[in-house]
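Engineer: To start, I am sharing the structure in question, which I have written as structure tokens.
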Amino acid sequence: MDDKIKFFHWPQEVEIPKEFHSIDEMGEFTTCCMCEKKVKESGEPYLIERSFKRVNESYENVLFEYAICFDCARKMNEAMSKESMAKLETYFSQYLTGERQRMKLEESQNDSMAWFNHCMVKGTAREDIFEYNICGLFRGDKMLLGEFPYLLSLEAMEEITELLSAETKDELDDFRRNHLGGPPEFEELLKGRPVFIF
Numbered sequence: 214m215d216d217k218i219k220f221f222h223w224p225q226e227v228e229i230p231k232e233f234h235s236i237d238e239m240g241e242f243t244t245c246c247m248c249e250k251k252v253k254e255s256g257e258p259y260l261i262e263r264s265f266k267r268v269n270e271s272y273e274n275v276l277f278e279y280a281i282c283f284d285c286a287r288k289m290n291e292a293m294s295k296e297s298m299a300k301l302e303t304y305f306s307q308y309l310t311g312e313r314q315r316m317k318l319e320e321s322q323n324d325s326m327a328w329f330n331h332c333m334v335k336g337t338a339r340e341d342i343f344e345y346n347i348c349g350l351f352r353g354d355k356m357l358l359g360e361f362p363y364l365l366s367l368e369a370m371e372e373i374t375e376l377l378s379a380e381t382k383d384e385l386d387d388f389r390r391n392h393l394g395g396p397p398e399f400e401e402l403l404k405g406r407p408v409f410i411f
């Protein structure tokens, strides 16, 4: 995680899009889901992930959502198996590239939504995806554009899940069960699915 922090150049900051607002907090996220640090006030970077399931053309359910500070994200990162982390780094290195960053920065000059209009892995348009997660990097009341934000479709998440060791899946299930908001009826649906704090 420390190396990744150094890699962020934060070339552009934008207002936080409503897609990254919390249902539970009825607005912008303010608190880390693990340590309850006030993330907006801390001045430190933090991550937000939200998971959506499309019901129809005009409505989506939020399966889960959370903000997490970098200190807690680092702890979760360290708890994952080395086998899983190596596979994930290889997988994501294909898509989190300097070329992608440059292209998205150009596209986002007039539209910050360009960063998560398509699945980062599969290229599928957001409106054509039945279930997806978005993940972004933030500081204070701004979203930072660089390696983040990105959108992952269910298809991509299923590929990622196959890369995870049983140990890592258990760690992520425990994290989701203990710290994430979302309807309890979705717990079985989400079992074994990754969250993207790594």
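Our numbering numbers the first residue of the sequence shown as 214 and each following residue consecutively.
Where is the CB? At the ideal position from N, CA and C, for every residue including glycine.
1) So is I229 buried or exposed if we call it buried at 16+ other beta carbons inside 10 Å?
2) DSSP three-state label for E254, please.
3) Evaluate the contact criterion for the region 276 to 284 versus the region 238 to 252: three or more CB pairs, one atom per stretch, below 8 Å.
4) Just reading off the beta strand (DSSP E) that F277 is part of, what are its end residues?
5) Quick one: is G240 buried, meaning 16 or more other Cβ sit within 10 Å of its Cβ, or exposed?
6) Among Y304, F388, D354 and R352, which residue has its Cα nearest to the Cα of L365?
7) So, do the region 384 to 391 and the region 342 to 362 have three or more beta carbon pairs nearer to each other than 8 Å?
8) Which two residues bound the contiguous alpha helix (DSSP H) that contains S297?
9) Could you tell me which residues DSSP puts in a beta bridge with M356?
10) To the nearest angstrom, how far is the alpha carbon of L276 from that of S306?
11) Taking Cβ to Cβ, would you say V334 is nearer than 7 Å to A369?
12) Assign E262 to one of two classes, buried (16 or more other C-beta atoms within 10 Å of its C-beta) or exposed (fewer than that).
13) How should N274 be labelled, buried or exposed, when 16 other C-beta atoms within 10 angstroms of its C-beta is the threshold for buried?
14) Along the chain, where does the alpha helix (DSSP H) that runs through L385 open and close?
15) Report the three-state DSSP secondary structure of N330 (helix, strand or coil).
16) Using the rule of at least 16 other Cβ atoms within 10 Å of the residue's Cβ for burial, across every protein chain shown, is S271 buried or exposed?
17) Taking 7 Å as the cut-off, decide whether the C-beta atoms of S264 and N346 are in contact.
Structural biologist: So, from the data block:
1) buried
2) helix
3) yes
4) Y272 to C282
5) exposed
6) Y304
7) no
8) K295 to S306
9) M356 is bridged by DSSP to V227 and F351.
10) For L276 and S306, the distance between alpha carbons rounds to 27 Å.
11) yes
12) buried
13) exposed
14) A379 to H392
15) coil
16) exposed
17) Cβ atoms of S264 and N346: closer than 7 Å.
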